[in-house]
């Protein structure tokens, strides 16, 4: 009798399981040298240890990280926002 009651009570559970809200993904992004948010896939010029290079914000082992794309930076290829930040860091306008 108890087994039948447990079985009967467990039947509606799979129907309710689909009603839960879907899990939200984490909001992943990189941070540039002045603390501004940089979205995954964006490419900017970074200056680290006296060396300038072009880097892309990527995911590696579920961690956002910078991956070097090329040596040096081409100012004309940078987005306006990144070029303005770079100029502000260097004190030039």
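Numbering (mature numbering (1 follows the signal peptide of the UniProt record, and there is no 0)), first residue to last: -17 to -1, 1 to 76.
A virtual CB, placed ideally from N, CA and C, is assigned to each residue, including glycine.
Cross-strand partners of residue i (DSSP beta bridge)
i: residue 35; result: 30
i: residue 40; result: 49
Collapsed DSSP secondary structure at residue i in the structure displayed
i: residue 20; result: strand
i: residue 73; result: helix
i: residue 68; result: helix
i: residue 46; result: strand
i: residue 25; result: coil
i: residue 11; result: coil
Whole-angstrom distance between residue j and residue i, CA atom to CA atom
i: residue 48; j: residue 36; result: 14 Å
i: residue 22; j: residue 11; result: 8 Å
i: residue 86; j: residue 29; result: As displayed, the chain neither begins before -17 nor continues past 76, which places residue 86 out of reach and without an answer.
i: residue 53; j: residue 74; result: 24 Å
i: residue 56; j: residue 33; result: 13 Å
i: residue 27; j: residue 9; result: 23 Å
Neighbourhood of residue i by C-beta distance below 6 Å, restricted to the same chain and skipping five residues each side
i: residue 51; result: 36, 38
i: residue 25; result: 40
Residues of its chain near residue i, where Cβ-Cβ distance is below 8 Å and the 5 sequence neighbours each way are ignored
i: residue 19; result: 68
i: residue 72; result: 16, 17, 30
i: residue 46; result: none
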